[in-house]
Each structure stands twice: as structure tokens, then as C-alpha cells.
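Participant: Here it is: the structure, laid out below.
Residue numbers (our numbering), protein chains in the order written: chain A, 49 to 328; chain B, 49 to 328.
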């Protein structure tokens, strides 16, 4: 079994981005809009900041109180998006339950939508007209390239159809015309699909849900289901049993987490390079 | 085996739309942009015209020569879209190979995108923020409702990932968080997936490709793969053998064809009602 070393390849990506950014004539800035003060969320933001600063991308957090109204937040997001210095804009999730998440996400224009979560960004991916894809999908694609894992023509199972993993991954595969199955808790033949899968991409957020007996010998496991369990970061796959059967597997931590942060910053650079055409 | 009677239900939809349109204070108009003069395409347009006129929706064809340039066409589409009298705009496909289809489709604003093929229209569906879905997905959803066919929690197989059937259907299912498998010619376990499917939605355009031995007893067949074979309209499913095993099946012709036309006009009325808010 080979570990899909997200830590190593994320550092390679970051090193290359650093060189690239050093040659740009204009500084890049990533704006992160955060509502509330959850410590787990703050740790996620700290990781993005660390990687951004390593590359030489300015990192600016725009904090909002939990009690901000949806209208006020949306108006401020629109202002932040239109600030020329902000190359990319992230709406840090989750948002408070009293507001429509998508209404806020849609205030990010596709030219700055580094997370590719706005309706327009999503639509551009679907029709094959986007220069970037969702960081989680980008991270998987990059790992497949680095480890020469062929995914076209394979039995791919996407576990979960959530907004942060399942949907963006399905969208990416659809946009490439690659076949796959989306499985959720209602799927009657989920056990058979999992057992036959060549590649499992999981984003259900249930620590240790996938066990060795559920998968076949040689399966590739992409574990994007990072959640907190007993104060530790845990993935959807039970590492001890699954790793005995997998041919390749992302660890948690050190797999999809750092790769996704690196691909977010890759998107900042990609979109930044295109904006210069408009602004110069 | 019960026939999913697209002809009958399309007529019901058309009759209801006729009543609804009669009560609107403003006439609706469907603009159809057509490049070239293919007789098969002309027949498709004639069907849309007939249904539109039955409902009381003005139907206006904007014809272009095959040699029109992409830039000229895109500019004219933008003008046609912004004409207030045009409630909905259809870019009749196929377009000439010398132009980027998506570039032209994206000139239709979501407020008038009755086919839901623009990037913005597609994105709105994906994030759950669209008042309409693609007519082919709408047709399937409506048939499931009329015949009380439960599709959530079933083994759904979408055959083909094309722009006109597979992708819009996958997008609709994703937006509802329903599990499904997309199968194409490269999918290694396509035969097993088909054989186990509770519901097969096919849009591959290969007459008679699905035969009775490939499906299980009781399967629901949605055949959206209309193509011309020996001068006749033929579906992806071999009716004689598949109908012996299916519990429900759309015939070709008389199934998805008329239903999809009816749902296109449903979208014209839905979007038209919303535009009145802006224009009045």
C-alpha cells in the first residue's frame, strides 16, 4: 500500500507557486470572510494563512460577528469582492444557520471565486468553461496525476453528495465525461458499489465509517471526510483495516487536507494571472 | 408493464398552461434561434411551435445561415435575449461545428434560459437556486410524479453523460441529493449496473441498444435517446424485449419527446411569470 502523500505534494505545489508569484508584477491577496469565532474554524484559517504567506500571497481576514444580518453580510462581501486588491475571496464555512449560505456565496464573482462555490463558478465548471475547479477536486486530480492513477474507465464511487466534497467532485467528473456513482445513506446497493469500487472518494464526515471488509483488494481511497473525533482529526476510512487492502490511500491528517489548501492557493494564482489582463 | 404516456400527460400540461396563459396580463413569446436548414431540426421546431401556439405563446423563429460567424451570432443572440417581448430564448441545437456551442448558449440570461443550458442556468440548478430545471429532467420528474414512481433511494443508472440528457439529469439528481450512477462506454461494470438498476434513464442515441436481457424484472425505463433509424424515430431501448421485463417504460415516439416539449413551454410560463415582476 502506498500512501498518497498530500503533505509532500502540497509542499511541492506551494514551492512552485512561490516561484511563480515572485515573478508576477502585482501582489496577490486572498480575502477570507469569517463569521463568528469557532476555534476549529480558526485552525483551518490558520493553515490557509500559513500556506499563503509561504507563497507570498497577502492574506486578509474580514471578521464578522455571529449576529450579522444576511443582507449586511452580502453587501459587505460584494464590497470586498470588488476591492481590486483582493485577488480571491473565500467565504469561510459554515455560516450561521439564520442566513442562506448560497445567497452569500453567490456574491463572489467567478473571476475571484477560488473555492468555486458560487452558482456561476459551478456552472462554468459544468459546461467546461472554468479556468479552475473546486480545490477538493483539484487536489484529487493532482494526486492522481502524481501517482499515475488512471481514473477514467474505472469504477468510481463518490460517498456523500454534500456541498463541500460530493457535489464538487461529481461536478468535476461530469464535466470530464467520466462515469461514477454517487452513493448516500439511501442508496440500496451502496455496500455492493463500495465493494466493487476501484476508487472511493469519501466526504461523509463519519470517522472510521469505511472499514477494510467493505472494500476490495487494491482499491484507491481518497478520504476527504475530515472531522474531529475525540479531539483528533479523523477520516471516513478506518486506516488500520482499510490500508491492509488499499493500493493507494490518503492519510488523515496529511492527505487531502494540505492538498486542498495548496489547490485553493493554486486557484488564487490562476485567477490572479487572468485578472491582470483586465486590470493592466 | 405500464406505458409512461408522455403524449397524454404532455397534453394535460399544455391544457393547464393554456388556462394559465389566458389569465396573464402580458403575452409570452418563445424565441427560437436556428442556424441552417436541416429537415430533422425543422421537424423538432415544428413540434415546439404547435405546442406553443396551442397554449397561446407567440412563437418566433430567428433563422441564420450556416455560414454565420460565431461573433455575429453571439451578438445577435444577445440582442434577441434583451428584446423585452421575448420571454424565453432557445438556441436550437446542433450549432455549426465551427463555433463554440457553449459560448453561444451563455449569451442567454438565466431569466430567459428555458432550456437551462447556459453556464449560469446550470449553476443555479446545481446550487438549488433555479426556478426551472432542464426540460428533459422536468419531464422525467413529472412522469415519476404522475405514475407515483419513487426515485429517491433507488438504484438509478443514467446512461451517457451528454449535454442534452446525461448531464442535465445528473445535475438535477445531484441538486436533490439523490444517489445515482453515470455510465458511459468506458464504465467497466456497466452491464452489472444496468442489470441491477431499478430505474434506467438513457440518452445515448443508439437505437435499440438496451435489450431485455440487459435489465432486471420490474425496471423503470426512461428512454430519452431519440434518434432517427431507417427514417423512423427510435429509442435507445429495444421495445419488444425490454417491455417484457419493465414495470414502466416510455415509448418512442410518444414518451419523452412530447413531455420534454411540454416542459420547455412550462419553463417559458414559469420564467415569464417572474419577469412580469421586473417589467411591470
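We put the beta carbon where it would ideally sit given N, CA and C, even for glycine.
#1: Out of curiosity, what's the CA-to-CA distance linking residue 159 of chain B and residue 320 of chain B?
#2: So within the region 227-272 of chain B, which uninterrupted alpha helix (DSSP H) runs reach at least 4 residues, ignoring any that extend past its ends?
#3: Considering only C-alpha positions, which residue in the set A/245, A/275, A/269 is nearest to residue 255 of chain A?
#4: Can you name, in chain order, every residue of its own chain whose Cβ lies under 7 Å from the Cβ of residue 183 of chain A, other than the five neighbours on each side?
#5: Under 8 Å, with one C-beta from each stretch per pair, do the region 265-284 of chain B and the region 224-235 of chain B reach the 3-pair mark?
#6: Please list the residues of the region 238-261 of chain B that have a C-beta atom closer than 7 Å to any C-beta atom in chain A, keeping them in chain order.
#7: Could you spell out where the alpha helix (DSSP H) holding residue 329 of chain B opens and where it closes?
#8: Under 8 Å by Cβ, that's how I've got residue 248 of chain B and residue 270 of chain B pegged, so tell me the actual separation to the nearest angstrom.
#9: Evaluate contact between the region 52-66 of chain A and the region 296-308 of chain A, counting only Cβ atoms and requiring at least three cross-stretch pairs below 8 Å.
#10: With DSSP as the reference, label residue 62 of chain B as helix, strand or coil.
#11: Looking at chain A, is there any beta carbon in it that lies within less than 9 Å of the beta carbon of residue 306 of chain B?
#12: Tell me which same chain residues have a C-beta within less than 7 Å of the C-beta of residue 230 of chain B, skipping the five on either side of it?
#13: Hey, residue 82 of chain A and residue 112 of chain A: beta-carbon distance below 9 Å or not?
#14: Taking the straight line between their C-alpha atoms, what separation do you get for residue 166 of chain B and residue 175 of chain A?
#15: Under 9 Å, do residue 125 of chain A and residue 137 of chain A count as touching if we go by C-beta distance?
#16: Check the C-beta distance from residue 118 of chain B over to residue 107 of chain B and give it rounded, since I have them as a contact under 8 Å.
#17: What number of angstroms, rounded off, separates the C-alpha of residue 288 of chain A from the C-alpha of residue 189 of chain A?
#18: From the DSSP output, in three-state form, read off residue 288 of chain B for me.
#19: Cutting at 7 Å between CB atoms, please list the residues of its own chain near residue 90 of chain A, excluding the five before and the five after it.
#20: Kindly identify the DSSP beta-bridge partner or partners of residue 137 of chain A.
#21: To the nearest angstrom, how far is it from the Cα of residue 181 of chain A to the Cα of residue 169 of chain A?
#22: Measuring only the C-alpha atoms, how far is residue 279 of chain A from residue 202 of chain B?
#23: Taking buried to mean at least 16 other C-beta atoms within 10 Å of its own C-beta, is residue 216 of chain A buried or exposed?
#24: Can you have a look at residue 277 of chain B and say buried or exposed, based on whether 16 or more other CB atoms are within 10 angstroms of its CB?
#25: Between the Cα of residue 250 of chain B and those of B/80, B/178, B/211, B/222, spot the shortest distance and give me the residue it belongs to.
#26: Considering just the uninterrupted stretch of the beta strand (DSSP E) at residue 173 of chain B, what are its terminal residues?
#27: Return the CA-CA distance between residue 154 of chain A and residue 227 of chain A, expressed in angstroms with no decimal places.
#28: Look up residue 116 of chain B in the DSSP assignment and say whether it is helix, strand or coil.
#29: Could you list which residues in chain B have their beta carbon closer than 8 Å to that of residue 183 of chain A, in chain order?
#30: Leaving out five residues on either side along the sequence, give the residues of the same chain with a beta carbon under 6 Å from the beta carbon of residue 246 of chain B.
#31: Suppose the cutoff is 6 Å on Cβ atoms and the five residues either side in sequence are ignored; what does the same chain contact list for residue 50 of chain A look like?
#32: Can you check whether the C-beta of residue 91 of chain B is within less than 9 Å of a C-beta belonging to chain A?
#33: Would you verify that the beta carbon of residue 154 of chain A is, or is not, closer than 9 Å to some beta carbon of chain B?
#34: Quick one, are the C-beta atoms of residue 93 of chain A and residue 140 of chain A less than 9 Å apart?
#35: Can you tell which of A/115, A/121, A/116 has its C-alpha closest to the C-alpha of residue 152 of chain A?
Facilitator: In this structure, then:
#1: Roughly 8 Å separates the two Cα atoms.
#2: If we require 4 residues or more, the alpha helix (DSSP H) runs fully inside the region 227-272 of chain B come out as 238-244.
#3: Ranked by Cα distance from residue 255 of chain A, the options A/245, A/275, A/269 are led by A/275.
#4: Within the same chain, residue 183 of chain A has close Cβ partners 163, 308, 311, 312, 315.
#5: Touching, no.
#6: Listed by position along the chain: 244.
#7: There is no way to answer for residue 329 of chain B, as the model of chain B reaches only from 49 to 328.
#8: The Cβ separation is near 7 Å, so the contact holds.
#9: Judged by Cβ distances under 8 Å, the region 52-66 of chain A makes contact with the region 296-308 of chain A, as three or more pairs qualify.
#10: Residue 62 of chain B carries a helical assignment under DSSP once its states are collapsed to helix, strand and coil.
#11: No, because no Cβ of chain A sits closer than 9 Å to the Cβ of residue 306 of chain B.
#12: Excluding its 5 nearest sequence neighbours in each direction, residue 230 of chain B has C-beta neighbours in its own chain below 7 Å: 206, 209, 214, 218, listed in chain order.
#13: In this structure, residue 82 of chain A places its C-beta atom within 9 Å of the C-beta atom of residue 112 of chain A.
#14: So the alpha carbons of these two residues sit roughly 8 Å apart.
#15: In contact: residue 125 of chain A and residue 137 of chain A (Cβ atoms closer than 9 Å).
#16: Contact flag wrong, Cβ pair sits at about 25 Å.
#17: Their backbone Cα atoms lie some 25 Å apart in a straight line.
#18: DSSP places residue 288 of chain B within a helical segment (H, G or I) once states are collapsed to three.
#19: The answer is none, since no qualifying residue turns up.
#20: Per DSSP, A/79.
#21: Our two residues, residue 181 of chain A and residue 169 of chain A, have alpha carbons roughly 9 Å apart in a direct line.
#22: It is roughly 37 Å from the alpha-carbon of residue 279 of chain A to the alpha-carbon of residue 202 of chain B.
#23: That one is buried.
#24: Label assigned to residue 277 of chain B: exposed.
#25: Answer by Cα proximity: B/211.
#26: Looking at the DSSP string, residue 173 of chain B is not in any beta strand (DSSP E); the run it does join, the alpha helix (DSSP H), is 167-174.
#27: Near 28 Å, if we compare the C-alpha coordinates of residue 227 of chain A and residue 154 of chain A.
#28: In the three-state scheme derived from DSSP, where H, G and I count as helix and E and B as strand, residue 116 of chain B is classed as coil.
#29: Ordered by position in chain B, no residue passes the 8 Å Cβ test against residue 183 of chain A, which lies about 17 Å from the chain.
#30: These residues qualify, in order along the chain: 202, 203.
#31: Excluding residues within five positions, the ones whose Cβ falls inside 6 Å are 296.
#32: Interface flag for residue 91 of chain B against chain A is unset, since no Cβ pair is found closer than 9 Å.
#33: Yes - at least one Cβ of chain B is within 9 Å of the one on residue 154 of chain A.
#34: In this structure, residue 140 of chain A lies closer than 9 Å to residue 93 of chain A by Cβ.
#35: Cα-wise, what sits closest to residue 152 of chain A is A/121.
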